[in-house]
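S.K.: If you scroll down you'll find the structure; I have some questions about it.
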Amino acid sequence: MKTANIAVLVSGGGTNLQALIDAQKSGIIKSGKISLVVSSNPGAYALTRAQNAGIATAVVSKKECATKEDFETKIIDALENAKTDIIVLAGFMCILSENFTKKYADRIINVHPSLIPSFCGEGFYGLHVHEAALGYGVKVTGATVHFVNEIPDGGKIILQKAVDILEGDTPEVLQKRVMEQAEWIILPKACELVCADIIKNKSEE
Ligand code: GAR
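Position in the sequence shown (from 1) plus 687 gives the number in our numbering.
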């Protein structure tokens, strides 16, 4: 295997997906290739970003699935069809079941917009994370890329990067700074590290 097949799971704007696409173009990601983008939301702008980059897309609308099991089965079907080696959660706003995370142990990574173990776990997603950081009054926050297991935001940490909180920050301003200074840098780096590892392990099999 020369490159690992990357599937990116998204729900929204997809700026982290864009960072991955750009990193593949610039050669930061060289051990993997983004072969599929799956969105839980049919209106996600991330889908347009994928299409613009010529990447295959699939929509598995959470609202249209009767159960979580049905939702995850459909995602797994799409992943298996694309022969996925690594799953990147990039602004994917759904918590995956233990059944799902066990099936892809050490093969799912997630970017979270805080320094785990602060401001993480169930209910901490998107802007809420930055509201919580500002509400607490911390002076430093950041982003974390970690493996995904059955505990929300509880898997092994791969990379972290700190970002200063400045006087007068709003959740929106802070979110943008954390993305620019941390998420868009460490997500592609971590993705490359895990892809390189997958290739190495496959060649030793
Ligand atoms: C990002 O800040 C990401 O870290 C966060 O949602 C945003 C998605 O933006 N994810 C979570 O909070 C997951 N717990 P994007 O769609 O532009 O990448």
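Glycine included, C-beta positions come from ideal geometry on N, C-alpha and C.
Of all the options I873, I716, E891, V816, which has the alpha carbon lying nearest to the alpha carbon of H833?
M.R.: That would be I873, whose Cα lies nearest to the Cα of H833.
S.K.: Going by the DSSP bridge assignment, what does I774 pair with across the sheet?
M.R.: DSSP output for I774 lists A694, I795 as bridge partner(s).
S.K.: Starting from S801, follow its DSSP beta bridges and name the residues at the other end.
M.R.: DSSP output for S801 lists no bridge partner at all.
S.K.: Could you please give me the residues that DSSP links to S726 through a beta bridge?
M.R.: Answer by DSSP bridge pairing, in chain order: V697, V746.
S.K.: Straight-line CA distance for N842 to K790?
M.R.: As written in the sequence, residue 842 is Gly, which differs from the Asn given in the question. When rounded, the distance between both Cα atoms is 15 Å.
S.K.: Using beta-carbon positions only, say whether T831 and A820 come within less than 8 Å of one another.
M.R.: Not a contact, by the Cβ cut-off of 8 Å.
S.K.: Taking only runs that begin and end inside the stretch 789-869, name each unbroken beta strand (DSSP E) of 3 or more residues, in chain order.
M.R.: Entirely contained in the stretch 789-869, the beta strand (DSSP E) runs reaching 3 residues are, in chain order, 795-799, 827-834, 844-851.
S.K.: DSSP on I872, reduced to helix/strand/coil?
M.R.: The answer is helix: DSSP assigns I872 an H, G or I state.
S.K.: Give every residue of the same chain whose Cβ lies closer than 7 Å to the Cβ of D793, excluding the five residues on either side of it in the sequence, and list them in chain order.
M.R.: For D793, where only same-chain residues beyond five positions count, the Cβ hits under 7 Å are F834.
S.K.: In its own chain, which residues sit with a C-beta less than 8 Å from the C-beta of L814, not counting the 5 before and 5 after it?
M.R.: Contacts found: P858, E859, Q862.
S.K.: CA-CA distance, H817 and H799?
M.R.: If you take the alpha carbons of H817 and H799, they lie about 11 Å apart.
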